[in-house]
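Peer 1: Sending over a structure as structure tokens; questions will come in a sec.
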């Protein structure tokens, strides 16, 4: 009988490791350490999301698919009940264009999609330091930041204050989060909360630390996609590198010589031959009574596992698979997929971007950078039909008019202005349709007449 003795210290180490593994996380109650076994992280940091965005095709694609969908066209910051731009709207437009505010605001939204929240620093020529409260002055610039570029340093602990639990002071990093800063100084500067705007999607309670990163729910699927694509690529590399095997006669005694005539082992000689063979397609190998062969492995088709993981990730970002991935052989984005994606974009415009723009304009009015006055944010209709769809609708309308005429209608179903409007053109004062009494007008309707020719009775 064999007895294995383990001292107390080793048992403590084993127990501690098991205790740590029990917190690895899983949705499967039967296997609480499943995530650890699958290679999934339990706790995700901003750096994880940033890496998935910067180095992962799906993470990067999901962020920009939603970002570009929401920012297909710029919104209007306009006064209520006005169709044509007035002097107030034109002045606001000049301010936004002058500092490239639209591009920076879009970047503000992009950084929010990567992490839990993003920040926007107001640079106003008010003659004050950044750590002082925002004063009156001209808007000079706005600076979008990632969540790891800004942090609160003091909090309001006065329970009687309306701003209880909010930051009293921020610090922001002047350099972007990059491992290669080219010698650029990385300093932290105090900035007053009145100069900071936060965008935290999903943080409905106002705590920006409760913002929900876009890539969080589907992060495990991103890990699966990396395994599938990376493992498949590695298997192709293994097969293409021509791993050579040598088979010798069991009774033989092979020997090898180096390049300079020195004696070397057979293994080293063959390894050198294989390296040369894989580096140069014109190389050859010489054997001494051995048979050379190539080791090959069967490569599994990764398309089905890849599609499963990709579909799971698409569900996590609430985009149809065909919209996120693009056109695939035999699979095109249907009208339902396009409509679903458009609803996703319009919802973000309404509930996330519009409130952020409203806050920005309001705070700029408070500091005098933008003239006071009522305003509203109006987005172009991204669900509006395209030019091709408009012309298709006009074709259906004219076909209906023809059917109505054949059915005996005396008046056209649509006039020319209605057809022009459906095609996206301006109306005309004279719609061009004939009226009663004109040479081209239809004859008045006969109540007893039908669209069919009468049947003549035989004599």
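Residue numbers (the working numbering): 1345 to 1803. We treat Cβ as the ideally placed atom computed from N, Cα and C, and that holds for glycine.
Here's a check: name, in chain order, each residue in its chain whose Cβ is nearer than 8 Å to the Cβ of residue 1556, leaving out the five neighbours to either side.
Peer 2: Once the five neighbours on either side are set aside, the close Cβ partners of residue 1556 are 1460, 1545, 1546, 1547.
Peer 1: Give the C-beta separation of residue 1379 and residue 1386 to the nearest angstrom, bearing in mind that I take them to be a contact with Cβ-Cβ under 8 Å.
Peer 2: Indeed they touch by this definition, with Cβ atoms about 6 Å apart.
Peer 1: If the criterion is Cβ atoms closer than 8 Å, does the pair residue 1509 and residue 1657 meet it?
Peer 2: No, these two residues do not count as a Cβ contact at 8 Å.
Peer 1: Can you check DSSP and say which residues form a bridge with residue 1567?
Peer 2: In the DSSP output, where bridge partners are listed per residue, residue 1567 has none listed.
Peer 1: Measuring alpha carbon to alpha carbon, tell me which residue in 1443, 1483, 1431, 1491 is nearest residue 1458.
Peer 2: The shortest C-alpha separation from residue 1458 is found at 1491.
Peer 1: Can you tell which of 1570, 1583, 1762, 1725 has its C-alpha closest to the C-alpha of residue 1740?
Peer 2: Looking at the Cα atoms, 1762 is the closest of the given residues.
Peer 1: Runs of 3 residues minimum, wholly inside the segment 1455-1514: which ones carry the beta strand (DSSP E) assignment?
Peer 2: As far as the segment 1455-1514 is concerned, its whole beta strand (DSSP E) runs of at least 3 residues are 1462-1469, 1482-1489, 1494-1499.
Peer 1: If we count Cβ pairs, one from each stretch, closer than 8 Å, do we get three or more for the segment 1731-1739 versus the segment 1499-1506?
Peer 2: Because the criterion of three Cβ pairs below 8 Å is not met, the segment 1731-1739 and the segment 1499-1506 do not touch.
Peer 1: Taking only the alpha-carbon atoms, compute the straight-line gap between residue 1611 and residue 1617 and give it to the nearest angstrom.
Peer 2: Whole-angstrom Cα-Cα distance: 10 Å.
Peer 1: With DSSP as the reference, label residue 1373 as helix, strand or coil.
Peer 2: Coil, per DSSP.
Peer 1: For residue 1638, which of 1690, 1496, 1584 has the nearest alpha-carbon?
Peer 2: When only C-alpha atoms are compared, the closest one is 1584.
Peer 1: Comparing C-alpha positions only, which one of 1540, 1425, 1468 sits nearest to residue 1703?
Peer 2: Selected option, being the one with the closest Cα: 1540.
Peer 1: When we look at the beta-carbon of residue 1347 and count the other beta-carbons within 10 Å, is it buried (16 or more) or exposed?
Peer 2: Its pLDDT being 49, under 50, residue 1347 is placed unreliably by the model, and the measurement read from it follows with that caveat. Residue 1347 comes out exposed.
Peer 1: Near residue 1552, what residues of its chain come up, given a Cβ to Cβ distance below 6 Å and the 5 sequence neighbours on each side ignored?
Peer 2: Correct list, in chain order: 1461, 1542, 1544.
Peer 1: Answer with buried or exposed for residue 1470, where buried requires no fewer than 16 other C-beta atoms within 10 angstroms of its C-beta.
Peer 2: So residue 1470 counts as buried.
Peer 1: Taking all protein chains shown into account, do 16 or more other C-beta atoms lie within 10 angstroms of the C-beta of residue 1444, making it buried, or fewer, making it exposed?
Peer 2: Answer is exposed; the Cβ neighbour count stays below 16.
Peer 1: According to DSSP, which residues form a beta bridge with residue 1543?
Peer 2: Answer by DSSP bridge pairing, in chain order: 1462.
Peer 1: In this structure, does DSSP put residue 1587 in helix, strand or coil?
Peer 2: Reduced to three states, the DSSP call for residue 1587 is strand.
Peer 1: Take residue 1479 as the anchor and find which of 1436, 1709, 1760, 1700 has the nearest alpha-carbon.
Peer 2: Measuring from the Cα of residue 1479, the nearest candidate turns out to be 1709.
Peer 1: If the criterion is Cβ atoms closer than 8 Å, does the pair residue 1466 and residue 1489 meet it?
Peer 2: No.
Peer 1: Regarding residue 1553 and the ligand ZN, is the C-beta to nearest heavy atom distance less than 7 Å?
Peer 2: The ligand ZN is not part of the structure shown, which contains no ligands of any sort.
Peer 1: Apart from the five residues just before and just after residue 1366, which ones in its own chain have a Cβ nearer than 8 Å to its Cβ?
Peer 2: At residue 1366, the pLDDT of 46 sits below 50, so the modelled position is not reliable; the number obtained from the coordinates is stated separately. Around residue 1366: 1376, 1377.
Peer 1: Could you spell out where the beta strand (DSSP E) holding residue 1722 opens and where it closes?
Peer 2: Segment 1720-1722, the beta strand (DSSP E) holding residue 1722.
Peer 1: Just to confirm my understanding: we take residue 1424, look at its own chain, exclude 5 residues before and 5 after, and list those with CB closer than 6 Å. What are they?
Peer 2: 1718, 1720, listed in sequence order.
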